[in-house]
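Structure, as structure tokens:
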């Protein structure tokens, strides 16, 4: 393949935004059936760097773009043109899968009853632990939801999470908890833990486990086993290193799609094996 190289990165940036470049790299990578890990290794950058490029949060220098063009087999001139389009001949099935992926990551819809039962189940398992106040509870919910989505590409509760200073927090949680308190499903307790005020919740009824698939319960159990003994500061600090939180802006909703950009130890899915034929 003959490649004509553009003069410099300034010229590239005047034509395309970082977000446009990232989207095109993502489309080409998916068309080739490559994982982020595979492509990152080929161009000798970290997977997290490639994730930031694809998200449009990091620029690409000319040498990196050359390496990407060789691996993904595109012309730099065509790639940087305004009317560039990822075309496929016999690979129509991959294009269809890409469209399905876009539908898969559409805006989640909160399943209120399932959310309530997930909350009750976590509290059944953890409410007796003195460290499990609101902060720890929110993070157990977050990791249950995002881990399940990364592994199965389906929403567990469909709850939306916002990036706040102490980590991801589920939206509408106060409304749901108040409803559950009114129905005598939960009890709110104000106490102190290590000298700091703490809000705790005690379950007054058992979760309806018929609402949960075996795979959903398994993911929740794994999260509980891993993190339910952590302090509020420890689990908050851990959540701050997770890619979905890192790649989101303060105060904004965290996109579930970002779970696919995780690195070790956060990723719960073995992407390497999925790409072995």
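Residue numbers (our numbering): 5 to 281. Backbone N, C-alpha and C define an ideal beta-carbon position, used for all residues, glycine too.
The three-state secondary structure of residue 114, taken from DSSP, is coil. In the DSSP assignment, the residues bridged to residue 194 are 203. Within its own chain, the residues whose Cβ lies closer than 8 Å to the Cβ of residue 88, once the five positions on either side in sequence are excluded, are 28 and 82, listed in chain order. For residue 168, the number of other beta carbons within 10 angstroms of its own is below 16, and it is reported as exposed. Taking each of 133, 65, 25 and 170 in turn and checking the Cα distance to residue 254, the smallest one comes out for 170. Residue 167 carries a strand assignment under DSSP once its states are collapsed to helix, strand and coil. Take residue 124, set aside five residues on each side of it, and the residues of its chain with a beta-carbon closer than 6 Å to its own are 207 and 211, in chain order.
The stretch 197-204 makes contact with the stretch 124-140: 3 or more CB pairs, one atom from each, lie closer than 8 Å. For residue 154, the uninterrupted alpha helix (DSSP H) segment begins and ends at 138-156. According to DSSP, residue pairing for residue 29 in a beta bridge does not occur. Here residue 218 is exposed, its C-beta having fewer than 16 other C-beta atoms within 10 Å. Here residue 47 carries a helix assignment [DSSP, helix/strand/coil]. Our two residues, residue 163 and residue 242, have alpha carbons roughly 20 Å apart in a direct line. Segment contact: the stretch 262-269 against the stretch 144-163, three or more CB-CB distances shorter than 8 Å; contact assigned. In the three-state reduction of the DSSP assignment, residue 256 falls in the coil class, being assigned neither a helical nor a strand state.
Within the DSSP bridge table, the entry for residue 174 names 165 as partners.
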